[in-house]
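Novice:
2 protein chains.
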Amino acid sequence: MDIRTTCLGVLALGPASGYEIRKAFEEGPFSHFAEGGFGSIYPALGKLSDGGFVTCTTEQQAKRPDKKIYQITDAGLDALFGALGGTTPGEDKYKSNLLFILFFAQHMPPDHIASVIDTRLDWYRGKLDHLMEDAGAAHEPPATGADLVREFGVAVYQAAYDFMRDNREAFIALARDNARTTESARRIETHVAAE
Amino acid sequence: MDIRTTCLGVLALGPASGYEIRKAFEEGPFSHFAEGGFGSIYPALGKLSDGGFVTCTTEQQAKRPDKKIYQITDAGLDALFGALGGTTPGEDKYKSNLLFILFFAQHMPPDHIASVIDTRLDWYRGKLDHLMEDAGAAHEPPATGADLVREFGVAVYQAAYDFMRDNREAFIALARDNARTTESARRIETHVAAE
DNA sequence: GTCCGCATGTAAGTAGTTACATGATTCA
DNA sequence: TGAATCATGTAACTACTTACATGCGGAC
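Protein chains in written order, with the numbering used here: chain C, 6 to 200; chain A, 6 to 200.
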């Protein structure tokens, strides 16, 4: 999904400013499967506006830049649901820096492995807490796509969290056992020491 | 991780051609967390070669273009492990077209929802089968980063698969219940019919 | 008094994707 | 006969990221 379609998705839930769209990507119901910064959102909104997919009304604010509220049009809804209906995603793109690092755990200093795993564990916990909070305010049993998609997030993040928690020591052991015996480990150690 | 570092990662396991690196991204041990097409790999190898991070030897082949075998150098290993040691990834980027579509399940035709879920279910199954195959040839208990990272993939894909299998009907019910009652559903139906 | 939230946007650069270009071999 | 595998690469394009530019108000 390109950034324009993603913005339309947010606007389909109600009118919003560029700033609020970004919040939806960061904290809102889209936060675990969509993203985008200001540098993508503002130009996208401009193009959507030019194409008639959204309308824009300016709200004046005291001592703040004017707030531009975008609202999706019928043409925008057509475009959104057309894009969603016209795609059959066989796979998702998942690029993981963490797994890439852990793949080479034997060649890394144990401290670094512990640090990246702990950072990730915290991040998973934060994500899970956040998703659970939203769950409190949602329908029970789940009644919308948003509810089910959120539960998918919980299930997958929970599995990832559990695995990392249960294998933290194994990864660190790998790093510890090999750190002083391989040539490559010596390299990374001198590199890290130089920083 | 940019494409150059990712290529170095593959080459750290042994010499390979551009073609073989791509296979590593598609089917090999990196397949569930890294990616890259020819259009990225070949230019990346060129730059790595220029920078002295890899060496290149040409192997002549009868009735085939010459095969260029790239081998990582000490400088390449330094660069790889330096990059891995210098990053603490708090999060991974996960953009999901599937979840985006399912989020709006109420506004989609039930058939389309069934189709995207079934396609995904097949894909998860394929991934899992593939990871299990590799497991057969691997160390037991897991002895390398590669083993543990593969098991992480199994755990997470299994959770995703289970959730989708268990909630397939719920998603379709959402689509069915709303398809004929909302304005937006009418739109997507006419759109799909027009294709 | 410094950082965070609110609020918008542009410019320059990086990176990656897609399509093109070529061509033999092998398998169904 | 048509598709897939092996094999390399370029050119054009899209898209996104990062840094810059501006500035008030409130919390700590």
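We put the beta carbon where it would ideally sit given N, CA and C, even for glycine.
As a quick exercise: from Ala180/C, Asp55/C, Tyr99/C, Ala151/C, pick the residue whose alpha carbon is nearest that of His112/A.
Specialist: For the purposes of this step, residue 112/A is taken as the residue at position 107 of the second sequence. Per the Cα distances, Ala151/C.
Novice: Whole angstroms are fine: how far does the CA of Met6/C sit from the CA of Gly41/A?
Specialist: To locate residue 41/A, count along the second sequence from 1; it is residue 36. To locate residue 6/C, count along the first sequence from 1; it is residue 1. Each residue's Cα considered, the two are about 18 Å apart.
Novice: Roughly how many whole angstroms lie between the Cα atoms of Ile122/C and Ile106/C?
Specialist: The sequence position of residue 122/C within the first sequence is 117, counting from 1. The sequence position of residue 106/C within the first sequence is 101, counting from 1. Cα to Cα, Ile122/C sits roughly 10 Å from Ile106/C.
Novice: Give a yes or no on whether the minimum CB-CB distance between Ile193/A and chain C is below 9 Å.
Specialist: The residue you call residue 193/A lines up with position 188 of the second sequence. In this predicted model, Ile193/A has a pLDDT of only 49, less than 50, meaning its place in the structure is not dependable enough to derive any value.
Novice: Counting only beta-carbon separations shorter than 9 Å, does Leu85/C have a partner in chain A?
Specialist: Along the first sequence, read from residue 1 onward, the residue named residue 85/C stands at position 80. Cβ-Cβ to chain A under 9 Å: yes for Leu85/C.
Novice: Decide if Phe43/C is buried, meaning its Cβ has at least 16 other Cβ atoms within 10 Å, or exposed.
Specialist: Here residue 43/C corresponds to residue number 38 of the first sequence, with the count starting at 1. Exposed, since its Cβ has fewer than 16 Cβ neighbours within 10 Å.
Novice: Helix, strand or coil for Thr124/A per DSSP?
Specialist: Numbered from 1 along the second sequence, position 119 holds the residue referred to as residue 124/A. In this structure, Thr124/A counts as helix in the three-state DSSP scheme.
Novice: Name the DSSP bridge partner or partners of His21/A?
Specialist: Counting from one through the second sequence, the residue named residue 21/A turns up at place 16. First, the residue type needs correcting, since residue 21/A is Ala and not His in the sequence shown. Its beta-bridge partners are Tyr75/A.
Novice: Does any residue of chain C bring its CB to less than 9 Å from the CB of Lys100/A?
Specialist: Residue 100/A sits at position 95 when you count from the first residue of the second sequence. It does: the Cβ of Lys100/A has a partner Cβ on chain C nearer than 9 Å.
Novice: Alpha carbon to alpha carbon, what distance is there between Leu89/A and Arg9/A?
Specialist: Position 4 of the second sequence, counted from the first residue, corresponds to residue 9/A. Position 84 of the second sequence, counted from the first residue, corresponds to residue 89/A. Those two C-alpha atoms are separated by around 12 Å.
Novice: Within the 9 Å Cβ cut-off, does Phe43/C reach chain A?
Specialist: Counting from one through the first sequence, the residue named residue 43/C turns up at place 38. Closer than 9 Å: no.
Novice: Out of Ala49/C, Glu174/C, Glu64/C, which one is the CA nearest neighbour of Thr11/C?
Specialist: As a first step, residue 11/C is located in the first sequence; it is residue number 6 there, counting from the start. With distances taken between Cα atoms, Thr11/C lies closest to Ala49/C.
Novice: Between Leu126/A and the rest of its own chain, which residues show a CB-CB distance below 6 Å, the 5 nearest in sequence each way excluded?
Specialist: Taking the first residue of the second sequence as position 1, residue 126/A is located at position 121. Excluding positions up to five away in sequence, the list reads Met169.
Novice: Measuring only the C-alpha atoms, how far is Thr92/A from Ser101/C?
Specialist: To locate residue 92/A, count along the second sequence from 1; it is residue 87. To locate residue 101/C, count along the first sequence from 1; it is residue 96. Approximately 12 Å, taken between the alpha carbons.
Novice: Once DSSP output is grouped into helix, strand and coil, what is the label at Thr92/C?
Specialist: As a position in the first sequence, residue 92/C is number 87, starting the count at 1. In this structure, Thr92/C counts as coil in the three-state DSSP scheme.
Novice: Rounded to whole angstroms, what's the CA-CA distance from Thr195/C to Gly87/A? Just pull it up for me.
Specialist: Counting from one through the first sequence, the residue named residue 195/C turns up at place 190. Counting from one through the second sequence, the residue named residue 87/A turns up at place 82. Confidence is the limiting factor: at Thr195/C the pLDDT is only 47, short of 50, which leaves the residue's position unreliable and the question unanswerable from this model.
Novice: So Thr63/C packs on Lys73/C, CB below 8 Å; how close in whole Å?
Specialist: Counting from one through the first sequence, the residue named residue 63/C turns up at place 58. Counting from one through the first sequence, the residue named residue 73/C turns up at place 68. Indeed, because the Cβ distance is near 6 Å, the residues count as touching under 8 Å.
Novice: Could you tell me the distance, in whole angstroms, from the CA atom of Ile46/C to the CA atom of Gly81/C?
Specialist: Taking the first residue of the first sequence as position 1, residue 46/C is located at position 41. Taking the first residue of the first sequence as position 1, residue 81/C is located at position 76. The straight-line gap from Cα to Cα measures roughly 16 Å.
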